[in-house]
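Peer 1:
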Amino acid sequence: MFSSVIGNMYHHTPFRVRDSDNVSQKEIQSTGIRQGCPLSPYLFILFMTVLMHDVEDSYRAEMGNAVHTHSAADPLFDLEYADDTVLMSRSSHSITKLLQCLQKEAEPYGMALNRAKTKLLVVSGPPASVVTFTDNTPVHVVGDNESLEYLGTILNRKGSPQITLTTRLARAKQEFNKLAQFWSHANIKTALKVRVFKHFFYPMVLYGLTHVWLTDGLRNRLDAWHCRCLRRIVRVKVSMISHVTNDVIYKKTDCHPISRDLESMQLKYFGHVVRAGITETIHNVTYSQSHTTRNLNAPKRAGRPCHKWAPGMELTVSRWASAQLPPLPIPVSQRQRVIFAKCEDHAGWRSFCAFPMRRRVTRP
285 MFSSVIGNMY HHTPFRVRDS DNVSQKEIQS TGIRQGCPLS PYLFILFMTV
335 LMHDVEDSYR AEMGNAVHTH SAADPLFDLE YADDTVLMSR SSHSITKLLQ
385 CLQKEAEPYG MALNRAKTKL LVVSGPPASV VTFTDNTPVH VVGDNESLEY
435 LGTILNRKGS PQITLTTRLA RAKQEFNKLA QFWSHANIKT ALKVRVFKHF
485 FYPMVLYGLT HVWLTDGLRN RLDAWHCRCL RRIVRVKVSM ISHVTNDVIY
535 KKTDCHPISR DLESMQLKYF GHVVRAGITE TIHNVTYSQS HTTRNLNAPK
585 RAGRPCHKWA PGMELTVSRW ASAQLPPLPI PVSQRQRVIF AKCEDHAGWR
635 SFCAFPMRRR VTRP
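See the structure below:
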């Protein structure tokens, strides 16, 4: 009954194309997704759930074991957002089998992969063998100097968030310059300009950065862009002669560094991860052994350790706690236990995340 109702709604659906005041003739849609239909995301969730269940069964039948990327008890190997699908594996042989199983299981439903958009991203080291489709055509491998975009995030082999932040800031700067007349208009109040700036440009820059650990250099770069925009809004030029500090700009616009807003968002997300418990996927992925420690059996020297999100957030919690009045120092030996206990208190954790850190006291 349900499939019949959906089929009748989607069968011979007429549509028109509007361009300004010009409207085309009626046409019948035969292929494609109804982007404006409220049922589209739910139908895709139903379809992808069934499809990936079939893929896992097919993989088990061929390989004899479950697909797992983080732990054997938690067989997570895929991420889906509508038709944007990510397959994850620890070996090229396993990822090849996953890809080919996905192709085979999707054919009976009339679905096929877009090979031009299918790419292989190797996080560490070269692949042991070539990853191919069912017809032995090799999959394009993202090189050292290449990157790919997934849901607004730029991914590369190094795993550094620098390229994502650079792209976001460049795009935000371009859009900010388009509103030059609005920012310089004398009859528009500063409060309205700041409100427009926050509503349009904060999401553009901060989207998806809640689960990314930014170094101090990247945070300073983010704050520098933010303060330059605020200076243009209040029409104060950057000059070594006037000596108008950033604190004065923040006071005029009733703002604070954007990195503080980012840390508040990250702390809220961190509390959600901790409250999930050790049996939840989001907790296991965040606190996976490969994500929190270095590989001691690496053939090469490990070198400088990579920045990890979970340990970095624990340090952020300690810093925010010490900045409160009165300070709440957290001993290093008890840091994780105290943080986990604080996250369980929903109301207390929300007020803790919203607490503004004390600004540095600078000499006059």
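In terms of the working numbering, the sequence shown is residues 285 to 648.
C-beta: ideal position from N, C-alpha, C; glycine also.
Fair warning: this is a prediction, and the values are worked out from it, not measured in the lab.
(1) Answer yes if the segment 502–514 comes into contact with the segment 542–549, meaning at least three C-beta pairs across the two stretches below 8 angstroms, and no otherwise.
(2) Taking the beta carbon of residue 554 as the centre, do at least 16 other beta carbons fall within 10 Å, making it buried, or is it exposed?
(3) Which class does residue 303 belong to by DSSP, given the choice of helix, strand or coil?
(4) Starting from the C-beta of residue 346, find all residues in its chain whose C-beta is less than 8 angstroms away, skip the five residues before and the five after it, and write them out in chain order.
(5) Could you work out which residue in 325, 305 and 296 is closest to residue 311 when comparing CA atoms only?
(6) Looking at the strands, I want to know which residues DSSP matches up with residue 369.
(7) Check whether the segment 488–498 and the segment 450–459 touch, using three or more Cβ-Cβ pairs below 8 angstroms as the test.
(8) Whose C-beta lies closer than 8 angstroms to the C-beta of residue 477 among residues of the same chain, with five residues either side of it excluded?
(9) With 16 other CB atoms within 10 Å as the buried threshold, where does residue 302 fall?
(10) Residue range of the alpha helix (DSSP H) that residue 418 falls in?
(11) Quick one: is residue 515 buried, meaning 16 or more other Cβ sit within 10 Å of its Cβ, or exposed?
(12) With a threshold of 7 angstroms on Cβ separation, who are the neighbours of residue 262 within its own chain once the five nearest residues in sequence on each side are excluded?
(13) Return helix, strand or coil for residue 430, following the three-state DSSP convention.
(14) Return the chain-ordered list of same chain residues with a C-beta closer than 7 angstroms to the C-beta of residue 547, the five sequence neighbours on each side being excluded.
(15) Rounded to whole angstroms, how far is the Cβ of residue 557 from the Cβ of residue 624, which I believe are closer than 8 angstroms?
(16) Excluding the 5 residues preceding and the 5 following residue 424 in the sequence, name in chain order all residues of the same chain whose CB lies nearer than 6 angstroms to its CB.
(17) Short check: CB of residue 388 to CB of residue 324, under 8 angstroms?
(18) In chain order, what residues of the same chain lie with their CB nearer than 8 angstroms to the CB of residue 492, ignoring the 5 residues before and after it?
(19) By how many angstroms is the C-alpha of residue 298 removed from the C-alpha of residue 309?
(20) Residue 404 bridges to which residues according to DSSP?
(21) Residue 598 lies in the alpha helix (DSSP H); which residues open and close that run?
(22) In angstroms with no decimal places, state the Cα-to-Cα distance between residue 605 and residue 307.
(23) Does residue 541 come out as helix, strand or coil in the three-state DSSP assignment?
(24) Across which residues does DSSP place residue 346 in a beta bridge pair?
(25) Along the chain, where does the alpha helix (DSSP H) that runs through residue 498 open and close?
(26) Taking the alpha-carbon positions, what's the residue 331 to residue 633 distance?
(27) Between residue 475 and residue 537, what straight-line distance do the alpha-carbon atoms span, to the nearest angstrom?
(28) Find out if the Cβ-Cβ distance for the pair residue 405, residue 363 is shorter than 8 angstroms.
(29) Grouping DSSP H, G and I as helix and E and B as strand, with all else coil, what is residue 564?
(30) Assuming residue 313 is part of the beta strand (DSSP E), what are its boundary residues?
(31) Between the alpha carbons of residue 511 and residue 361, how many angstroms are there, rounded?
(32) Exposed or buried, what is residue 430 when buried is set at 16 or more other beta-carbons lying within 10 Å of its beta-carbon?
(33) Given a threshold of 16 other Cβ atoms within 10 Å of its Cβ, counted over all protein chains shown, does residue 533 qualify as buried or as exposed?
Peer 2: In short:
(1) The segment 542–549 vs the segment 502–514: in contact.
(2) When all chains shown are included, residue 554 counts as buried.
(3) Of the three classes helix, strand and coil, the one that applies to residue 303 here is strand, per DSSP.
(4) Closer than 8 angstroms at Cβ, skipping near neighbours: 381 and 385.
(5) Checked all of 325, 305 and 296; the closest Cα to residue 311 is 296.
(6) For residue 369, which the question treats as bridged, DSSP gives the partners 364.
(7) Flag = yes, the segment 488–498 and the segment 450–459 touch.
(8) Within its own chain, the residues whose Cβ lies closer than 8 angstroms to the Cβ of residue 477, once the five positions on either side in sequence are excluded, are 466, 467 and 517, listed in chain order.
(9) Label assigned to residue 302: exposed.
(10) No alpha helix (DSSP H) contains residue 418, which DSSP labels as neither H nor E.
(11) The residue is buried, with at least 16 neighbouring Cβ atoms inside 10 Å.
(12) Here the chain has residues from 285 to 648 only, and residue 262 is not among them.
(13) In the three-state reduction of the DSSP assignment, residue 430 falls in the coil class.
(14) So the qualifying residues of the chain are 600.
(15) The pair is not a contact, with the Cβ atoms about 11 angstroms apart (cut-off 8 angstroms).
(16) The beta carbon of residue 424 is closer than 6 angstroms to those of 403 in its chain, skipping five residues each way along the sequence.
(17) Not a contact, by the Cβ cut-off of 8 angstroms.
(18) Leaving aside the five residues that flank residue 492 on each side, the residues in its chain whose CB is nearer than 8 angstroms to its CB run, in chain order, 435, 436, 437 and 448.
(19) The straight-line gap separating the alpha-carbon atoms of residue 309 and residue 298 is approximately 10 angstroms.
(20) For residue 404, DSSP records a beta bridge to 425.
(21) It spans 593–606 - the alpha helix (DSSP H) in which residue 598 sits, taken as one unbroken run.
(22) Taking the straight line from one Cα to the other gives about 59 angstroms.
(23) Residue 541 carries a coil assignment under DSSP once its states are collapsed to helix, strand and coil.
(24) Listed as beta-bridge partners of residue 346 by DSSP are no residues whatsoever.
(25) Neither: residue 498 is in no alpha helix (DSSP H) and is coded neither H nor E.
(26) Roughly 38 angstroms separates the two Cα atoms.
(27) Distance between the alpha carbons of residue 475 and residue 537 is about 7 angstroms.
(28) Residue 405 is not a Cβ neighbour of residue 363, given a cutoff of 8 angstroms.
(29) Three-state DSSP puts residue 564 in coil, outside helix and strand.
(30) For residue 313, the enclosing beta strand (DSSP E) has its first and last residue at 311–313.
(31) The straight-line gap separating the alpha-carbon atoms of residue 511 and residue 361 is approximately 41 angstroms.
(32) Exposed, since its Cβ has fewer than 16 Cβ neighbours within 10 Å.
(33) Here residue 533 is buried. Its C-beta has 16 or more other C-beta atoms within 10 Å.
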